[in-house]
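In our numbering, the protein residues as written are 19 to 495. Everything below concerns the one structure shown next.
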Amino acid sequence: MPTAISWLRRDLRLADNTTLGAALSRAEQVIPVFVLDPTLLERYAGTKRLAFLLAGLRQLDADLRARGSRLIVRRGDPADEIARLVRESGASFVFAEEDYEPYAQERDDAVATRAPLERVGSPIVRPPSVVLKSDGDPYVVFTPFSRKWKSLPPPRASELVPTPERIRTPRGIDSLCIPEEPQLPSGVAFPAGEAEAQHRLDAFVRGDEPPIYAYETARDRLDLDATSQLSPYLRFGMLSARQTIVAAYQAIDRADNEKSRRSAETWLDELIWREFYMCILYYFPEVLEVSFREKMRGIAWRNDEASFDAWCEGKTGYPVVDAAMRQLVQSGWIHNRGRMVVASFLVKDLLVDWRWGEAFFMQHLVDGDPAANNGGWQWTAGTGADAAPYFRIFNPISQGKKHDPNGSYVRRWVPELVGVPNAYIHTPWTMSLMQQRESGCILGVDYPPPIVDHAVMRERTLQAYRAAREAYARGKS
DNA sequence: TTTTGAGTTGTTCGA
DNA sequence: GTCGAACAACTCAAA
Numbered sequence: 019m020p021t022a023i024s025w026l027r028r029d030l031r032l033a034d035n036t037t038l039g040a041a042l043s044r045a046e047q048v049i050p051v052f053v054l055d056p057t058l059l060e061r062y063a064g065t066k067r068l069a070f071l072l073a074g075l076r077q078l079d080a081d082l083r084a085r086g087s088r089l090i091v092r093r094g095d096p097a098d099e100i101a102r103l104v105r106e107s108g109a110s111f112v113f114a115e116e117d118y119e120p121y122a123q124e125r126d127d128a129v130a131t132r133a134p135l136e137r138v139g140s141p142i143v144r145p146p147s148v149v150l151k152s153d154g155d156p157y158v159v160f161t162p163f164s165r166k167w168k169s170l171p172p173p174r175a176s177e178l179v180p181t182p183e184r185i186r187t188p189r190g191i192d193s194l195c196i197p198e199e200p201q202l203p204s205g206v207a208f209p210a211g212e213a214e215a216q217h218r219l220d221a222f223v224r225g226d227e228p229p230i231y232a233y234e235t236a237r238d239r240l241d242l243d244a245t246s247q248l249s250p251y252l253r254f255g256m257l258s259a260r261q262t263i264v265a266a267y268q269a270i271d272r273a274d275n276e277k278s279r280r281s282a283e284t285w286l287d288e289l290i291w292r293e294f295y296m297c298i299l300y301y302f303p304e305v306l307e308v309s310f311r312e313k314m315r316g317i318a319w320r321n322d323e324a325s326f327d328a329w330c331e332g333k334t335g336y337p338v339v340d341a342a343m344r345q346l347v348q349s350g351w352i353h354n355r356g357r358m359v360v361a362s363f364l365v366k367d368l369l370v371d372w373r374w375g376e377a378f379f380m381q382h383l384v385d386g387d388p389a390a391n392n393g394g395w396q397w398t399a400g401t402g403a404d405a406a407p408y409f410r411i412f413n414p415i416s417q418g419k420k421h422d423p424n425g426s427y428v429r430r431w432v433p434e435l436v437g438v439p440n441a442y443i444h445t446p447w448t449m450s451l452m453q454q455r456e457s458g459c460i461l462g463v464d465y466p467p468p469i470v471d472h473a474v475m476r477e478r479t480l481q482a483y484r485a486a487r488e489a490y491a492r493g494k495s
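Quick look at the structure:
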């Protein structure tokens, strides 16, 4: 009886699982396996994300058991482990979803030399080889990329691979126990698993007033839960990209007014950004080490350790920056607007190398994904593919006022500021001593004064970027 | 090959 | 308070 191995990595779900579908169509018996890869666990260390992954494996195992199967767990070098499992089980095929990260590509090439590996499906709807310019080169600007992406036929619900009803898995295959996940702060509110993911997606796109139809304007509000918060689920494939994009197109079709339609389109664009950055990482793997833009590689970072620590701890004295950093450390997630605000602050107000921030995000984000995280940081730093213009520097005060108008986001994450009146919530240092006493927040005692002057640092950063450009131009000539 | 239009998310300044 | 321009050229993508 032919046996196939379904090697699960970033597709921890049963619905719309191409790997599982391929295995079931080619073999009577299927072995779903997850390999705990020490290299990957070390490289992408992050307790909150690891806990989410382990909880996701536990949930996947339960879902598989409900269908007569179970999750086989191994630990070690994937090439060794997959080859060993093929030997033990006599499997004729190994199916795995494509993964475009440089490490994953190397890993899978190594596995393919020692096991009958077939790569099927993809963590994005349109693989890197599909969205290319007419001359065959990859896009490096988002808008034309998205135009091309959208010109191709949209995925339809009928293309989703159905959830298997029953999976026959041979007995007697050894499996490790899924490790206990580390204890997490109570603020981490992402229950793992595809049922939760599907529930969140439905809540976002369905119902009387689905949030997707308010997305265009509400998505920027730090104080509202107006985003889908699906990123951790997409990160580990507890939901497929195709499921989300099918849902987005359905919402676009169902929209009965212009505002709703535009909102759903905006959400689709966000999903396309995810695809864009995975393509960028595939074609330009060096972005994990250096700036995408060569001319931006010579910026003289200030890299002041004390400032960096203050940023990490949420003690910069700029309330909206501190709120977002504490949200990150405590909950493992930040609102997208918050990511931009803190990234801009680190790079352009503190003049710290974006790679420091990128690494810190990877340590703490439950959804931490190398492609999207790197793309986002390089965008903010003005060093990336389709970078923000370098003179676009966020003002942490006006960003706070605009996107957290009554300060409830700040008060939620920075309790020292709970008693500060709205008029001062984004500029507590402008309170008189009397006002500080009344609000229970003495500057320098309960909450720090700003660690830098925004106006001063803005000029210094513009100067540093100008110098880098000029040095590059001189080197060229 | 050359030309042309355009480019996620902002801020500041001065009229 | 509102508005447009400047920020800085540059490079991309397509015609």
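All C-beta atoms in this analysis are idealised placements derived from N, C-alpha and C, irrespective of residue type, glycine included.
Boundaries (first-last residue) of the alpha helix (DSSP H) holding residue i
| i | result |
| --- | --- |
| residue 56 | 56–61 |
| residue 169 | 160–169 |
| residue 249 | 249–253 |
| residue 111 | Run containing residue 111: none in the alpha helix (DSSP H); it sits in the beta strand (DSSP E), 111–114. |
| residue 456 | 451–456 |
| residue 339 | 337–349 |
| residue 234 | 233–236 |
| residue 90 | Here residue 90 belongs to no alpha helix (DSSP H); instead the beta strand (DSSP E) covers 90–93. |
| residue 447 | Per DSSP, residue 447 belongs to no alpha helix (DSSP H) and is neither H nor E. |
| residue 333 | That residue, residue 333, is in no alpha helix (DSSP H); it is neither H nor E in DSSP. |
| residue 415 | 414–421 |
| residue 460 | Here residue 460 belongs to no alpha helix (DSSP H), and DSSP marks it neither H nor E. |
| residue 389 | 388–399 |
Spatially closest choice to residue i from the options, by CA coordinates
| i | options | result |
| --- | --- | --- |
| residue 206 | 58, 350, 422 and 360 | 350 |
| residue 487 | 254, 424, 407 and 247 | 407 |
| residue 45 | 310, 380, 109 and 332 | 109 |
| residue 391 | 163, 24, 42 and 296 | 296 |
| residue 213 | 80, 301 and 345 | 80 |
| residue 328 | 314, 347 and 316 | 347 |
| residue 107 | 190, 273, 55 and 307 | 190 |
| residue 490 | 317, 157 and 19 | 317 |
| residue 429 | 336, 472, 156 and 467 | 336 |
| residue 27 | 371, 103, 255 and 77 | 255 |
| residue 61 | 112, 25 and 121 | 121 |
| residue 354 | 142, 247 and 411 | 247 |
| residue 289 | 305, 275, 253 and 271 | 253 |
| residue 510 | 58, 164, 265 and 358 | This structure gives no information on residue 510, because the portion of the chain shown stretches from 19 to 495. |
| residue 371 | 380, 345, 326 and 381 | 326 |
| residue 293 | 65, 49, 424 and 156 | 156 |
Residue i burial status per 10 Å Cβ neighbour count (16 or more: buried)
| i | result |
| --- | --- |
| residue 34 | buried |
| residue 409 | exposed |
| residue 463 | exposed |
| residue 217 | exposed |
| residue 451 | exposed |
| residue 159 | exposed |
| residue 457 | buried |
| residue 432 | buried |
| residue 195 | exposed |
| residue 362 | buried |
| residue 324 | exposed |
| residue 211 | buried |
| residue 168 | exposed |
| residue 152 | exposed |
| residue 87 | buried |
Rounded Cβ spacing between residue i and residue j (contact assumed at less than 8 Å)
| i | j | result |
| --- | --- | --- |
| residue 262 | residue 219 | 6 Å |
| residue 334 | residue 469 | 5 Å |
| residue 474 | residue 414 | Not quite, the Cβ-Cβ distance comes to about 13 Å (not below 8 Å), so this is no contact. |
| residue 185 | residue 82 | 7 Å |
C-beta contact flag for residue i and residue j at 7 Å
| i | j | result |
| --- | --- | --- |
| residue 21 | residue 115 | no |
| residue 84 | residue 132 | no |
| residue 427 | residue 241 | yes |
| residue 90 | residue 129 | no |
| residue 366 | residue 479 | yes |
| residue 319 | residue 369 | yes |
| residue 403 | residue 310 | yes |
| residue 70 | residue 250 | yes |
| residue 418 | residue 395 | no |
| residue 356 | residue 342 | yes |
| residue 146 | residue 267 | no |
| residue 280 | residue 234 | yes |
| residue 73 | residue 198 | no |
| residue 113 | residue 193 | no |
Span of the beta strand (DSSP E), counted from its first residue to its last, around residue i
| i | result |
| --- | --- |
| residue 149 | Here residue 149 belongs to no beta strand (DSSP E), and DSSP marks it neither H nor E. |
| residue 22 | 21–25 |
| residue 355 | From DSSP, residue 355 is part of no beta strand (DSSP E) but of the alpha helix (DSSP H) over 354–362. |
| residue 135 | 135–137 |
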